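Visitor:
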Amino acid sequence: MSATHVKRVLAAQSIELPSWAFGNSGTRFKVFPQPGVPRDPFEKLADAAQVHRHTGAAGTVALHIPWDKVDDYAALTSRAEDLGIGIGTINANTFQDDDYRLGSVCHPDPAVRRKATDHLLECVDIMDATGSADLKLWFADGTNYPGQDSITARQDRLAAVLDEVYARLGEGQRLLLEYKLFEPAFYTTDVPDWGTAYAHTLRLGPKAKVVIDTGHHAPGTNIEFIVAVLLREGKLGGFDFNSRFYADDDLMVGAADPFQLFRILCELASHDALEPGSGIAYMLDQCHNIEAKIPGQIRSVMNVQEATAKALLVDRDALAKAQAAGDVLGANAVLMDAYNTDVRPLLAELREEQGLDPDPMRAYAASGYTEHVTADRLGGTAAGWGA
Ligand code: PSV
Ligand code: MN
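What follows is the structure in structure tokens.
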């Protein structure tokens, strides 16, 4: 692919930011509060807009309901527009209510399932109000002990709820089903893997797709294989990007294993799924527990851009030739040549062409925004993971 084409795809790339990345977060051991953290969804949007301002590649923000619940979604949407960004995916939350001890959509009690379903339907109402196209569902449902509940009955309950939510989707709206190996349930999880998510979304229909959170697999899982299979079946809806060393670490994408990120993006490039309009939502799902949040998001967007540029630089003709000839080392060398290319000058050039500073980290630091919000956001309650 020519440098011009690479830059064209990169210029059109859009990486969605999670609103919750801007609030205080931590582990079950300690949350280290940071000064200047937003106190409401409007301030979260303002911080997200800074990431877009300096990268030009992060024009939408995902909301998490009820963390980002507001009285007036029209006002929130127009604030986003004023800031030069848009509202993206609506993430449902059926994991933080006392009623959900035994699950939400898979709970044995129909009243709890009704409550969870009503929440999901409310999320679609919010999509209507904000113009959001995607509903992202992740369920903390599962069991901790053998015999605790019927695995099959739980799948039946899940299917019934998904049917009801799917039927409520409007024109152009999608349901993205996210899977996760374990946590908070430890014995069984009701949507533990891509196979389960695929089976449900296949049954539901074309508006239902699978979302891959890169942190939700067993160590050593070949995620690019999952990407290839789902793309081939037309069932890949999007990504929650982040890095993991051990479990669902939610560290910055491309930090723990940039080569894995490159391999995933290579698979997407080979299906032309990085091109605008491919229908794949590229989202971050991260928390910045000890590092500064806005620069953490800027760095993450840059990491995705760098891996994307490398994936686009793979000489696909040479690769196809080497593969057809059974040239194992030659084919591998084509990939490694692209991976080992320093794409930072190309991205700096692109940013200059877009009227941006070639170094987004430096530009943000020089902007004085951190100092401004630290001085300005006094009083009130800082948003946290969960508010
Ligand atoms: C669950 O671990 C998850 O990945 C889901 O996407 C949630 O909505 C999100 O994290 C919350 O941070
Ligand atoms: Mn996720």
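When we follow our numbering, the leftmost residue of the sequence shown carries the number 3, and every step to the right adds one.
Glycine included, each C-beta is placed from N, C-alpha and C at the ideal position.
It should be emphasised that the depicted structure is a prediction, and the values quoted were computed from it without experimental measurement.
(1) Compute the minimum distance between the beta carbon of E185 and the heavy atoms of the ligand MN, and state whether it is under 7 Å.
(2) Put E293 into one of helix, strand or coil per three-state DSSP.
(3) For the ligand PSV, which residues have a Cβ under 6 Å from at least one heavy atom, in chain order?
(4) With 16 other CB atoms within 10 Å as the buried threshold, where does N26 fall?
(5) Determine the direct distance from the alpha carbon of Q288 to that of D251, and round the result to whole angstroms.
(6) Just to confirm, are L139 and E180 a CB contact at a threshold of 8 Å?
(7) The beta strand (DSSP E) spanning K46 covers which residue range?
(8) Can you tell me which of V53, D42 and T29 puts its alpha carbon nearest to the alpha carbon of R301?
(9) Between the Cα of G88 and the Cα atoms of V375, T132 and E235, which residue gives the shortest distance?
(10) Do you know whose CA, among F261, L253, G144 and A210, lies nearest N224's CA?
(11) Taking the alpha carbon of G256 as the point to measure from, which residue in K237, T216 and A384 has its own alpha carbon closest?
(12) Which residues does DSSP pair with E18 in a beta bridge?
(13) Can you list, in chain order, the stretches of the alpha helix (DSSP H) that have 4 or more residues and sit fully within the region 314-389?
(14) Just to check my reading of the structure: L467 and N244 have Cβ atoms closer than 8 Å, yes? What is that Cβ distance to the nearest angstrom?
(15) So, with DSSP's three-state summary, where would you put G197?
(16) What is the DSSP secondary structure of F97, reduced to helix, strand or coil?
(17) If you draw a straight line from the C-alpha of V114 to the C-alpha of D127, how long is it?
(18) Note down the Cα distance separating D242 from V213, rounded to an integer number of angstroms.
(19) With distances taken from CA atoms, which of L348, A118, Y200 and G357 is nearest H7?
(20) Among A320, K312 and E277, which residue has its Cα nearest to the Cα of C268?
(21) Closest to V375 by C-alpha separation, out of E45, A5, S134 and L314, would be which residue?
(22) Could you tell me whether the Cβ atoms of K211 and K237 are closer together than 8 Å?
(23) Count Cβ pairs between the region 61-77 and the region 92-102 that sit closer than 8 Å; are there 3 or more?
(24) Is the beta carbon of L137 less than 8 Å from the beta carbon of A82?
(25) Extract the residue ranges of the beta strand (DSSP E) inside the region 130-213, only unbroken runs of 3 or more that lie entirely within it.
(26) Quick check: L270 and M3, are their CB atoms within less than 8 Å of each other?
(27) Helix or strand or just coil, what does DSSP make of I67?
(28) Counting only beta-carbon atoms, is F44 nearer than 8 Å to chain D?
(29) Go ahead and pull the three-state DSSP assignment for V33.
(30) Output yes or no for whether 8 Å exceeds the beta carbon distance between V167 and L204.
(31) Is it right to say T29 is buried, meaning 16 or more other beta carbons lie within 10 angstroms of its own, or is it exposed?
(32) Among A220, I228, G239 and A230, which one has its Cα closest to the Cα of P208?
(33) Suppose you measure from the CA of G38 to the CA of F247; what does that come to, to the nearest Å?
(34) In the DSSP assignment, find the unbroken alpha helix (DSSP H) run with D84 in it and report its ends.
Guide: Looking at the atomic coordinates:
(1) Counting from one through the sequence shown, the residue named residue 185 turns up at place 183. Checking the Cβ of E185 against the ligand MN gives no.
(2) What you label residue 293 is simply residue 291 of the sequence shown in a count that begins at 1. In the structure shown, E293 sits in coil (DSSP, three-state: anything other than H, G, I, E or B).
(3) W22, N93, W140, E180, K182, D215, D242, D250 and D287
(4) Indexing the sequence shown from 1 puts residue 26 at position 24. With 16 or more other Cβ atoms within 10 Å, it is buried.
(5) Counting from 1 along the sequence shown, the entry for residue 251 is found at position 249. Counting from 1 along the sequence shown, the entry for residue 288 is found at position 286. Those two C-alpha atoms are separated by around 8 Å.
(6) Taking the first residue of the sequence shown as position 1, residue 139 is located at position 137. Taking the first residue of the sequence shown as position 1, residue 180 is located at position 178. Yes; because the gap between Cβ atoms is below 8 Å, this pair is in contact.
(7) For the purposes of this step, residue 46 is taken as residue 44 along the sequence shown, with counting starting at 1. K46 -> not in any beta strand (DSSP E); alpha helix (DSSP H) instead, spanning P43 to T57.
(8) Here residue 301 is taken as the residue at index 299 of the sequence shown, counted from 1. Selected option, being the one with the closest Cα: V53.
(9) Counting from one through the sequence shown, the residue named residue 88 turns up at place 86. Out of V375, T132 and E235, T132 has the C-alpha closest to the C-alpha of G88.
(10) Taking the sequence shown and counting its residues from 1, the one referred to as residue 224 is at position 222. Selected option, being the one with the closest Cα: F261.
(11) Position 254 of the sequence shown, counted from the start, is the residue given in the question as residue 256. Nearest of K237, T216 and A384 to G256, Cα basis: T216.
(12) The residue given as residue 18 occupies position 16 in the sequence shown. Partner(s): M285.
(13) 318-326, 330-341, 346-355, 362-369 and 371-378
(14) What is shown of the chain runs 3 to 389, which leaves residue 467 out entirely.
(15) For the purposes of this step, residue 197 is identified with residue 195 of the sequence shown, where counting begins at 1. Helix at G197.
(16) Position 95 of the sequence shown, counted from the first residue, corresponds to residue 97. Reduced to three states, the DSSP call for F97 is coil.
(17) As a working mapping, residue 114 is identified with position 112 in the sequence shown. As a working mapping, residue 127 is identified with position 125 in the sequence shown. Distance between the alpha carbons of V114 and D127 is about 20 Å.
(18) In the sequence shown, counting from the first residue as 1, residue 242 sits at position 240. In the sequence shown, counting from the first residue as 1, residue 213 sits at position 211. Their Cα atoms are separated by approximately 7 Å.
(19) The sequence position of residue 7 within the sequence shown is 5, counting from 1. The candidate whose alpha carbon is nearest that of H7 is L348.
(20) Here residue 268 refers to the residue found at position 266 of the sequence shown. That would be K312, whose Cα lies nearest to the Cα of C268.
(21) In the sequence shown, residue 375 corresponds to position 373, counting from 1. That would be E45, whose Cα lies nearest to the Cα of V375.
(22) One-based indexing of the sequence shown puts residue 211 at position 209. One-based indexing of the sequence shown puts residue 237 at position 235. Contact flag set, yes.
(23) yes
(24) In the sequence shown, counting from the first residue as 1, residue 137 sits at position 135. In the sequence shown, counting from the first residue as 1, residue 82 sits at position 80. It is not a contact, given that the beta carbons lie outside the stated cut-off.
(25) 136-139 and 176-180
(26) For the purposes of this step, residue 270 is taken as residue 268 along the sequence shown, with counting starting at 1. For the purposes of this step, residue 3 is taken as residue 1 along the sequence shown, with counting starting at 1. No; because the gap between Cβ atoms is not below 8 Å, this pair is not in contact.
(27) By one-based count along the sequence shown, residue 67 stands at place 65. Coil at I67, not helix or strand.
(28) This model lacks chain D altogether; it includes just one protein chain.
(29) Taking the sequence shown and counting its residues from 1, the one referred to as residue 33 is at position 31. V33: strand per DSSP, three-state reduction.
(30) As a first step, residue 167 must be located in the sequence shown, where it is residue number 165. As a first step, residue 204 must be located in the sequence shown, where it is residue number 202. Not in contact: V167 and L204 (Cβ atoms no closer than 8 Å).
(31) The residue labelled residue 29 in the question sits at position 27 within the sequence shown. So T29 ends up on the exposed side.
(32) Taking the first residue of the sequence shown as 1, we reach residue 208 at position 206. Checked all of A220, I228, G239 and A230; the closest Cα to P208 is G239.
(33) Here residue 38 is taken as the residue at index 36 of the sequence shown, counted from 1. Here residue 247 is taken as the residue at index 245 of the sequence shown, counted from 1. Whole-angstrom Cα-Cα distance: 29 Å.
(34) As a position in the sequence shown, residue 84 is number 82, starting the count at 1. Per DSSP, D84 belongs to the alpha helix (DSSP H) from Y75 to D84.
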